[in-house]
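All you need for my numbering is the position in the sequence shown, starting with 1, plus 759. Glycine is no exception: its CB is placed at the ideal position from the N, C-alpha and C atoms. Quick caveat: nothing in here was measured; it's all calculated off a predicted structure. Okay, structure first, notes after.
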Amino acid sequence: MIMSRSSNGMARNLIDLPSSVHDQIARELAPSCALSLALTHASLGPAAQSAIWSELNISLQRSFLPRQLPYEWTRPLGGNKLYKIRQHQTWNHPSKYIDALESYFVHLAAHLREDPRRAKAVRSISIDSDRLLHVRFADVLKLVAPTLKRLEFICVDVPHLTAVSPQSAFPTVRQLFESNLQIHLDRLTHLSLPLAPCWDTTIQTVLRRTPNLESLVLTPENPYSGGWGESTIFEDSNLNEPWTTLPCLRRLEITEFALPLLPLLEALIRAAPDLEWLSLQDACRRMTDVVAGIVLDYIATSLKLKYLAIPRRGLTDEQCKKLPRSVVEISTMESTRPWGIPQLEATTIPPIPSMQLFHSHARVSDQDQCLVWTWHEGTCALPAPLRPISPELLQAIGNASDLLMIELSGTSDDEWAFPTSETEWEDSLPTSKAHPLQRAVFIRTYTRNSDQTAEAEMNAEQPEEVFTHCRSYYAEHCLIENDQLLRAQCMWEEHLDYCGSAVPGDILARVYDLLGENAGWTRPGRGLELPEEAWDLLKDWKRSVD
760 MIMSRSSNGM
770 ARNLIDLPSS
780 VHDQIARELA
790 PSCALSLALT
800 HASLGPAAQS
810 AIWSELNISL
820 QRSFLPRQLP
830 YEWTRPLGGN
840 KLYKIRQHQT
850 WNHPSKYIDA
860 LESYFVHLAA
870 HLREDPRRAK
880 AVRSISIDSD
890 RLLHVRFADV
900 LKLVAPTLKR
910 LEFICVDVPH
920 LTAVSPQSAF
930 PTVRQLFESN
940 LQIHLDRLTH
950 LSLPLAPCWD
960 TTIQTVLRRT
970 PNLESLVLTP
980 ENPYSGGWGE
990 STIFEDSNLN
1000 EPWTTLPCLR
1010 RLEITEFALP
1020 LLPLLEALIR
1030 AAPDLEWLSL
1040 QDACRRMTDV
1050 VAGIVLDYIA
1060 TSLKLKYLAI
1070 PRRGLTDEQC
1080 KKLPRSVVEI
1090 STMESTRPWG
1100 IPQLEATTIP
1110 PIPSMQLFHS
1120 HARVSDQDQC
1130 LVWTWHEGTC
1140 ALPAPLRPIS
1150 PELLQAIGNA
1160 SDLLMIELSG
1170 TSDDEWAFPT
1180 SETEWEDSLP
1190 TSKAHPLQRA
1200 VFIRTYTRNS
1210 DQTAEAEMNA
1220 EQPEEVFTHC
1230 RSYYAEHCLI
1240 ENDQLLRAQC
1250 MWEEHLDYCG
1260 SAVPGDILAR
1270 VYDLLGENAG
1280 WTRPGRGLEL
1290 PEEAWDLLKD
1300 WKRSVD
């Protein structure tokens, strides 16, 4: 018996409460909990179904996992069957591929038609556009189109795959939309779209059906990543009409930049006053300094832009001046870069005063990797606990006056090649592979205000007194070698500068004692203040070492 307690202390049966109370209870439950509620009694099923079908995410992607049924079947006591689509479905290739896939979409569409709430509950769909985009998928898309929020067409993940079925059963994204004119995704806010070499008509057709997009990801149908796969060569556009624009666009990502995309990029950026996030990846190194300058001219008027990802070679000193002051986060990719603060080049940090977070990804050598790694039981060249900051790097930090944190990520030179077919996948696993490296640098600068000292008032040309403290953190790394997993220990490293010298540990501890804070801080800051006693301590120490 299901019991509840009223305000007067008397116990009541939950099933005897009004249906409006049942609905209110169900609305507060997660879908999985609502399913449990429906199992308790048949009379609670109608209220529970509204919560069960509140939000579903259909994921149709290839997988090497065993095949899973597309539905979860549950039978409540004394009632009809309640079933719902799995939150994250997987699909394995059966022997009769086309028939099984067609049957799957036919049953899925029929399942959604049985109850209008089911189609309305589907919020996102991601589907493998290479081998799972069957013509029958259009039936499902029509049903969920009025309320769908997210749609992702996943491009090929293993290059050089050969088709196992007639192409007539597997339309392109362009054919999918052109042959189903009634599909309008007016509520869609996120779209991931693969582009073929003849790309212009595809994107024009799709964007006309998705006028309220807030997030758009454009990927080539054959991705090229650092040397593997076939690079998609985009052709010049032949459209004789203006590009369809997205006034609500806030986030734009192009995973493989190409020159023919420039007119589209300009149209999208200039027509999106609320654009906040822009990522232009360039694995094929097609973006020259001149092209980068053109792109930065486009975003010069994007006064709400906060995040920009662009190749480092495009951020010259002159180009950085074009960025709006709203940009606070920069992400770059470089061909090579030294690993860690002691080897970090000053030219790595772009001179952008408003930048608060800088992320840099590059390939690093094995020698650089071992500078700070502790493998297994042994130690490999551990760094000194306190290090100085080079004048060049110190100047670069000063030019980026708001910079609080640097994130460094690297990939080793011995990366194994991706397989070129599914049969080679399991046979090509590496025997030795270093995982991606991660390092974070937190920056603090303490500045002595001019009114804190009479000497500064007497000598206006005296340089500003600054104490810089950078804390570098190495996250846990792992190395697979001869079927053994070796892990590196996490550790911190301190980098200090006061008037060109590294501050020793005893002085550093006394400075933070006077500040009333622990030297092991994790919150960065710029232009912070120190007590007058701390400045005197630093100055006396500097005089003693000079």
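Residue state for T948 is assigned as coil, using DSSP reduced to three classes.
Under DSSP, A1068 takes part in a beta bridge, and its partners are S1038, S1090.
Classified as exposed, D1295 has fewer than 16 neighbouring CB atoms from the shown chains inside 10 Å of its CB. The beta carbons of I884 and L900 sit closer together than 9 Å. Taking every protein chain shown into account, the CB of T1281 has fewer than 16 other CB atoms within 10 angstroms, so this residue is exposed. Distance check between R1045 and each of A1026, D1033, P1019, D1056 places P1019 closest, using alpha-carbon atoms only. Ranking V1086, R1072, A904, T964 by CA distance to the CA of R933 puts T964 first. Beta bridge pairing from DSSP links T1014 with no other residue. Between A793 and G804, the beta carbon gap of about 10 Å keeps them out of contact (Cβ cut-off 8 Å). With the rule of 3 Cβ pairs closer than 8 Å, the stretch 936-943 counts as touching the stretch 964-976. Taking the CA atoms as reference points, E994 sits about 15 Å from L977. For the pair L1037 and T1204, the Cα-to-Cα distance works out to about 30 Å. Counting along the chain, T961 sits inside the alpha helix (DSSP H) bounded by residues 959-968. Selection E980, P1022, L910 evaluated against N999 yields P1022 as nearest (Cα-Cα).
For the set E1166, P1263, A1278, the Cα lying nearest the Cα of L1297 is the one of P1263.
Contact holds between the stretch 1052-1064 and the stretch 1078-1089, because three or more Cβ pairs, one in each stretch, are under 8 Å apart. With contacts defined as CB atoms closer than 9 Å, M1092 and Q1040 qualify as a contacting pair.
Residue burial is scored here from C-beta neighbours: C1007 has fewer than 16 other C-beta atoms within 10 angstroms and is therefore classed as exposed.
With respect to H893, I857 sits close: the two C-beta atoms are nearer than 9 Å. Residue pairing by DSSP places V1262 opposite no residue, since no beta bridge is assigned to it.
Across the set E1035, L910, A928, the C-alpha of E1035 shows the shortest separation from the C-alpha of I1089. Around D782, the same chain offers A806 as residues with beta carbons nearer than 6 Å, after the five sequence neighbours per side are excluded.
Secondary-structure assignment with DSSP links E1166 through a beta bridge to H1118, A1199. Counting along the chain, no alpha helix (DSSP H) covers V976; the unbroken beta strand (DSSP E) around it starts and ends at 974-979.
By the neighbour-count criterion, in which a residue is buried when 16 or more other Cβ atoms sit within 10 angstroms of its Cβ, V881 is buried. Relative to I1148, the option among H870, G1052, E1252 whose CA is nearest is E1252. Setting aside the 5 residues that flank it on each side, T1075 is surrounded in the same chain by D1048, each with a C-beta closer than 7 Å to its C-beta; the list follows chain order.
Judged by their CB atoms, L1005 and L966 are nearer to each other than the 9 Å cut-off. A residue is called buried when at least 16 other Cβ atoms come within 10 angstroms of its Cβ; D1256 meets this threshold and is buried. For H1228, the enclosing beta strand (DSSP E) begins and ends at 1225-1233.
Judged by their CB atoms, H949 and K908 are nearer to each other than the 9 Å cut-off. DSSP, read as helix, strand or coil, puts H943 in coil. Contact check for S1168 and Q1197: beta-carbon distance about 5 Å, within the 8 Å limit, so the pair qualifies. Taking A1031 as the centre and dropping the five residues before and after it, the same chain places the C-beta of L1005, P1006, L1008 closer than 7 Å to its C-beta, in chain order.
Taking C-beta atoms under 8 Å as the contact rule, A1293 and L1274 qualify, at a distance of about 6 Å.
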